[in-house]
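Asker: Okay, here's the structure, questions in a sec.
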Amino acid sequence: MRLYNTLGREFAELRTRDEGKIGMYVCGATVQSAPHLGHGRSAVVFDVIRRYLEWLGFEVTYVRNVTDVDDKIIAAALDEGVSTDTIVERAYTAFDEAHRRLGVREPTVEPWATHHIDEMLELIGQLLDTGHAYAVGGDVYFSIRSYPAYGRLSRHDPSDLRSGARVDPDDRKKDPLDFALWKAAKPGEPSWDAPWGAGRPGWHIECSAMARKYLGVGFDIHAGGHDLIFPHHENEIAQSEAATGEPFANYWLHNGMMNLEGEKMSKSTGHVIDLLEALDIHRPTAVRLVYLRTHYRKPLDFSEGGLFDAEAALDRLWGFRRRTPEPVEDAPDEEMISRFQTAMDEDFDVAGGLGVLFDLVREGNRRLDDTEDAGALVAAYDEIVGVLGLGEETSDLEDLGLKIAEIAAKYGVPSGSIGDLLETRDRARSERNWAASDGIRDDLGSIGIVVEDAPDGSRWHRG
RNA sequence: GGCGACGUGGCCGAGUGGCCAGGCAAGGGUCUGCAAAACCCUCUACCCGGGUUCGAUUCCCGGCGUCGCCUCCA
17 MRLYNTLGRE
27 FAELRTRDEG
37 KIGMYVCGAT
47 VQSAPHLGHG
57 RSAVVFDVIR
67 RYLEWLGFEV
77 TYVRNVTDVD
87 DKIIAAALDE
97 GVSTDTIVER
107 AYTAFDEAHR
117 RLGVREPTVE
127 PWATHHIDEM
137 LELIGQLLDT
147 GHAYAVGGDV
157 YFSIRSYPAY
167 GRLSRHDPSD
177 LRSGARVDPD
187 DRKKDPLDFA
197 LWKAAKPGEP
207 SWDAPWGAGR
217 PGWHIECSAM
227 ARKYLGVGFD
237 IHAGGHDLIF
247 PHHENEIAQS
257 EAATGEPFAN
267 YWLHNGMMNL
277 EGEKMSKSTG
287 HVIDLLEALD
297 IHRPTAVRLV
307 YLRTHYRKPL
317 DFSEGGLFDA
327 EAALDRLWGF
337 RRRTPEPVED
347 APDEEMISRF
357 QTAMDEDFDV
367 AGGLGVLFDL
377 VREGNRRLDD
387 TEDAGALVAA
397 YDEIVGVLGL
407 GEETSDLEDL
417 GLKIAEIAAK
427 YGVPSGSIGD
437 LLETRDRARS
447 ERNWAASDGI
457 RDDLGSIGIV
467 VEDAPDGSRW
477 HRG
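Using the numbering used here, read the first sequence as starting at 17 and increasing by one per residue.
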């Protein structure tokens, strides 16, 4: 398969370091505040990439870090008069909840920055020893002049950057572009002991240290948001490669930003939609589908309308699957699978893959309408939907139990189960008792259960 | 100023040098006690101007427009 490598800005055939295995590092959350829709996109998009690679047969080690020490966290704690732990815990819980509801699979490893201070100290030590870093009054900076390839990923020329008005010069730095590997401890801030003085790590060093620990040198895929290309990923590369003299990661994948009314969603500007709130209002899978309909590298403009659109599309998918009882024994339809793979093999063209899925659904529905066998198509559906994580959530009816019992009582159905209600309704229908049959359907409809009649019997699902 | 992305039918959104994306919405039809679903049909687009080509939405050049990064940010 081919993928687009930000490093070099070109499509490249995927060649793994170790045969059949893929090491993948995704820059996860800075657990500083509640996640917004943009965070969800990144999590979902790389979740699908990971699922697809596994579906191809690779053994994927998927590492997604948690940044639990940084300026913003400290600022938030100070602001609210609580500990940084409180901020971190609250935000992490929210991210975790959002991931779960979006169907994002758990990473193989989820390393926290503060649990890897030793690894960072070791890396910083190496950089100091080899002259790639220098300590000034408790701070340690990476010297970008010691790493000639600086700017290769983001295609920035250091001299252009230097002349940029936004770089704030600091007399203690040898070069205005040098960045902090270690920040000297300040009163009231979390800090750890280090040979060059107590302090806390800079932002970039954690990813270098943790990626090296869990994936080794020259691992396969490093991913994250487009906004991380510079400076975060550029700096990761510089410090990692300066320390080891070896390539850091082979393929760099970056997801496009999420826009709101044409403008980038951003925590810092408050121009955001809270992810958990969105998931309360809409079916999580519909939110997931919104993320997946646009190619992962493109900007995605969020709109309420798009979400309703996705809900309708989902109904179409699920409506097909509901027509066939659960497990299917057949082998998946080869043509559909192969078309899906062809799309996905070209830089994860999920939108193209979805096109195949909808074609499959139309053909499957057609066959079922004509009472032909659709087993192979259903099996292919399950396979594709599994890769994309778009399966219908199995919903229990616990929350509706009381209401269902009420309706059952109203129609004299003793058990209070949906199945018995529908049986009673079937009897009413065969007796042409439309008042009762429509009444049951309407009453169930009013509590969110949709009843549909088909030639081979009635089906129900949550609306 | 530097680096970069994008501009497709009512909306969303893939993709391709010559032939079909797909979804949603809309209209018509089939089926049906009604409803819903499903199926069939219709709606056939590719920012503008040049160029290359037998042929360009797709390649090249120029322009216009939108957006992103260059500062913490998925």
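By construction, the Cβ of each residue, glycine as well, lies at the ideal position given by its N, Cα and C atoms.
Which term fits isoleucine 420, buried or exposed, when burial requires 16 or more other beta carbons within 10 angstroms of its beta carbon?
Answerer: buried
Asker: So for leucine 276, helix, strand or coil by DSSP?
Answerer: strand
Asker: Could you tell me which residues DSSP puts in a beta bridge with valine 156?
Answerer: Ala151 and Trp198
Asker: By Cβ distance below 6 angstroms, which residues in the same chain neighbour threonine 46 in space, the five residues on each side in sequence not counted?
Answerer: The residues are Thr83 and Asp86.
Asker: Would you mind working out which of Glu29, Asp63 and Leu30 sits nearest cysteine 43, comparing C-alpha positions?
Answerer: The residue among Glu29, Asp63 and Leu30 with its C-alpha nearest the C-alpha of cysteine 43 is Asp63.
Asker: Output the distance between the C-alpha atoms of glycine 380 and leucine 333, rounded to the nearest integer angstrom.
Answerer: 11 angstroms
Asker: Between the alpha carbons of glutamate 105 and asparagine 21, how many angstroms are there, rounded?
Answerer: 34 angstroms
Asker: What would DSSP say about glutamate 447, mapped onto helix, strand or coil?
Answerer: coil
Asker: By DSSP's criteria, arginine 33 is part of a beta bridge. Which residues make up the other side?
Answerer: Per DSSP, none; premise fails for arginine 33.
Asker: With three or more C-beta pairs closer than 8 angstroms as the rule, is the segment 212-224 touching the segment 19-34?
Answerer: Verdict: no, contact absent.
Asker: In whole angstroms, give me the CA-to-CA distance for alanine 181 and proline 192.
Answerer: Only weak support is given to the placement of alanine 181: the predicted model assigns it a pLDDT of 49, under 50, and the question is left unresolved by the model.
Asker: For glutamate 408, I'd like the list of residues in its chain whose CB is within less than 6 angstroms of its CB, leaving aside the five on either flank, ordered along the chain.
Answerer: Closer than 6 angstroms at the Cβ level, and outside the excluded window around glutamate 408, lie Trp334.
Asker: Between histidine 132 and proline 217, what straight-line distance do the alpha-carbon atoms span, to the nearest angstrom?
Answerer: Rounded to whole angstroms, histidine 132 to proline 217 spans 10 angstroms at the Cα level.
Asker: For aspartate 317, name the three-state secondary structure that DSSP assigns.
Answerer: strand
Asker: Closest to alanine 451 by CA distance: which of Thr358, Tyr427 and Ile89 is it?
Answerer: Tyr427
Asker: Do the segment 252-266 and the segment 224-238 meet, that is, are 3 or more Cβ pairs less than 8 angstroms apart?
Answerer: yes
Asker: In terms of residues, what are the limits of the alpha helix (DSSP H) holding phenylalanine 356?
Answerer: 350-360
Asker: Tell me whether the beta-carbon of leucine 197 lies closer than 8 angstroms to the beta-carbon of tyrosine 157.
Answerer: yes
Asker: Quick check: the Cα distance between leucine 323 and isoleucine 289, rounded to an integer number of angstroms?
Answerer: 13 angstroms
Asker: Can you round the beta-carbon distance between glycine 36 and glycine 73 to whole angstroms, since I take them to be within the 8 angstroms contact cut?
Answerer: The pair is a contact, with the Cβ atoms about 7 angstroms apart (cut-off 8 angstroms).
Asker: Note down, in chain order, each residue of its chain lying with its Cβ closer than 7 angstroms to the Cβ of alanine 359, except the 5 sequence neighbours on either side.
Answerer: Excluding residues up to 5 positions away in sequence, Asp365, Gly368, Gly369 and Val372 lie with their Cβ nearer than 7 angstroms to the Cβ of alanine 359 in the same chain.
Asker: In angstroms, rounded to a whole number, what distance separates the CA positions of valine 61 and leucine 404?
Answerer: 9 angstroms
Asker: For threonine 102, count neighbouring Cβ atoms within 10 angstroms of its own Cβ and tell me buried if that reaches 16, exposed if not.
Answerer: exposed
Asker: Thinking C-beta only, is leucine 118 closer than 8 angstroms to valine 303?
Answerer: Against a cut-off of 8 angstroms, the Cβ pair of leucine 118 and valine 303 comes out as a contact.
Asker: Return the Cβ separation of leucine 19 and aspartate 363 in integer angstroms, given the expectation that the two are a contact with Cβ distance under 8 angstroms.
Answerer: With a Cβ gap of about 5 angstroms, leucine 19 and aspartate 363 count as contacting.
Asker: When you compare each of Leu291, Ile463 and Glu350 to alanine 50 by their alpha carbons, which one comes out closest?
Answerer: Between alanine 50 and the set Leu291, Ile463 and Glu350, the nearest pair of CA atoms involves Leu291.
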